[in-house]
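A short worksheet on the structure shown next.
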Amino acid sequence: MKELHSFGWYASKISPHLPKKAFKPVPARLLGGLAYLFVVVSGMLAISTFDLPLILNLAISLIIGTSFAAMGFLGHEILHGTVVRKAWLRNFLGAVFFWPLVTGPRLWRKWHNMTHHVHTQDEENDPDTWLSKDKVDRSPLLRWIYRLPFSVRAFFEFLSLSFTFTLHSTRMFFIYVKEFKVEKRWAVWMQFVLPWVTWIGLMFFVGLTNWLFIFLVPLLIANAIVMGYISTNHRLNPQVEVNDPLANSLSVTVPKWINVLHFNFSYHTEHHLFPSMSSKYYPLVKEQIKKKWPDLYHEMPMTSALKALWNTPRIYYNGNELIDPSKDMVYGSLGHGLNYEAIEPRQRMESPTNDKKKA
């Protein structure tokens, strides 16, 4: 088993080989955000103003939904401080670009920046890591769900991507709002409530049918796109005790034009090494990682990553493996036997009661 290192250890080895400009904010990224705002507003006005055919409304909804997702990717970048550094402007712009995904900037920084990034793939402390068999065994509902046939679970898990981000974000709000100081809690509440008030209030101005095409359908599309990335970021990787991005993160490859539209969100290992660096420079980081640790770096095409997610269960067993409890079959994780081109599970050899992590 390879020795695990922190993201700071890797960053210290790579930083000297990167240009100084890579560590500065890139305000020009906002130009892409303005373009998406224009597209979204134009699409909403078209749907609410003209009596368009159903197929055209759906096409515009698709464009709005993809723009919602891209705005979320930019909001993520802004709230890491890679676009602007002034706190008030960072939070304001982050709120604007996360508005379609109804997630407030203070919550996001607490949940994502300060918790997920610090404790990535830690079984107990990462709010985004998946369940362990231990936790499933303690829940009658989860035990029942995981008795369903594998293909049925995979289908509904993929279907749920269309609403999972919104659902998880809401859950994170109620978990973390209590951790804010009392004098700041009202702001967190306002950032949670106002987007919902805005979008639900819009329904009374444009009518229910138009609202479905303007907001609800686009929100489902945006969730699916965002969760398509998020699901591949870590869910094929092992859970780890040391926050090692080369062990716990996966970068996916997509066509170059999609990287442009999505602000290089596919470079996820690179992001965990340098979260405060603009994603504009992640291709340079990737070059350095592949020079220094080519055997440790995990990447695969997005389509292959999604296929591997479909063919593996979402329950961790002993940290390094995934398990289907209905058939007691175990699957490798990245770096621990997972071959995404040919998923080959094996029967679990350990006693069913022995679910402790391997030493």
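Letter 136 of the sequence shown, counting from 1, is numbered 136 in the UniProt record's numbering, and no numbers are missing.
Heads up, the beta-carbon is just placed ideally off N, CA and C, and yes, glycines get one too.
Computed from a prediction, not measured in an experiment: that's the story for all the values here.
Could you check whether residue j and residue i sit closer than 7 Å to each other, using their CB atoms as the reference points?
| i | j | result |
| --- | --- | --- |
| residue 414 | N243 | One cannot answer for residue 414 here, as it falls past the ends of the chain, which runs 1 to 359. |
| F213 | S61 | yes |
| V254 | A69 | no |
| D128 | H119 | no |
| Q121 | N233 | no |
| R106 | Q239 | no |
| N223 | F165 | yes |
| S132 | E123 | yes |
| E299 | S333 | no |
| H336 | N311 | no |
| G33 | F97 | yes |
| A88 | R235 | According to the sequence shown, residue 88 is Trp rather than Ala. Cβ distance not < 7 Å, so W88 and R235 don't count as in contact. |
| E77 | F263 | yes |
So, at 8 Å on beta carbons, what are the nonlocal neighbours of residue i in its own chain, with the 5 sequence-adjacent residues on each side left out?
| i | result |
| --- | --- |
| W9 | none |
| I145 | R153 |
| K135 | L142 |
| K292 | K13, I14 |
| residue 364 | Residue 364 cannot be examined here, being either before or after the span of the chain that is shown, 1 to 359. |
Assign residue i to one of two classes, buried (16 or more other C-beta atoms within 10 Å of its C-beta) or exposed (fewer than that).
| i | result |
| --- | --- |
| P352 | Confidence at P352 is low in this model, with a pLDDT of 46, below 50, so its placement is unreliable and the value that follows should be read with caution. Its Cβ having fewer than 16 others within 10 Å, P352 is exposed. |
| G75 | buried |
| M44 | buried |
| I289 | buried |
| Q347 | exposed |
| F215 | buried |
| D295 | exposed |
| T269 | buried |
| residue 363 | Past the edges of the chain, shown from 1 to 359, lies residue 363, and the structure says nothing about it. |
| G201 | exposed |
| A95 | buried |
| L246 | buried |
| V285 | buried |
| P218 | buried |
| L338 | buried |
| P140 | exposed |
Figure out for me which residue from the options has the closest Cα to the Cα of residue i.
| i | options | result |
| --- | --- | --- |
| R109 | L309, N320, R138, Y176 | Y176 |
| P25 | R90, L54, I60 | R90 |
| P283 | I14, E3, K2, L4 | I14 |
| A154 | M172, G32, P313, P345 | P313 |
| S42 | E77, M172, N57 | N57 |
| K184 | W144, I145, G104, G207 | G104 |
| D137 | G335, K256, D328 | D328 |
| Y340 | L306, Y316, A11, F158 | L306 |
| H17 | E287, M300, E77 | E287 |
| A22 | Y281, K291, A87 | Y281 |
| V260 | F158, K291, L31, E3 | L31 |
| D51 | P345, Y297, P301, G207 | G207 |
| S304 | Y297, A342, V285 | A342 |
| M302 | P345, E344, K256 | K256 |
| K2 | E344, Y297, P345 | Y297 |
Closer than 7 Å by C-beta to residue i: which residues in its own chain qualify, once you throw out the five before and the five after it? Chain order, please.
| i | result |
| --- | --- |
| S231 | L161, L309 |
| R147 | S326 |
| W111 | P127, M172, Y176 |
| F163 | L220, N223 |
Please work out which residues of its chain come closer than 6 Å, Cβ to Cβ, to residue i, disregarding the five sequence neighbours upstream and downstream, and give them in chain order.
| i | result |
| --- | --- |
| F265 | F73, Y229 |
| V40 | I64, S67 |
| S278 | V26, T82 |
| N210 | I47, S48 |
| F180 | V188 |
| A28 | none |
| S169 | T103 |
| D355 | With a pLDDT of 48 at D355, under the threshold of 50, the modelled position of this residue cannot be trusted, and the question is left open. |
Query raised in the report: Are the region 268-281 and the region 191-204 touching by the rule of at least three beta carbon pairs closer than 8 Å?
Result: Verdict: no, contact absent.
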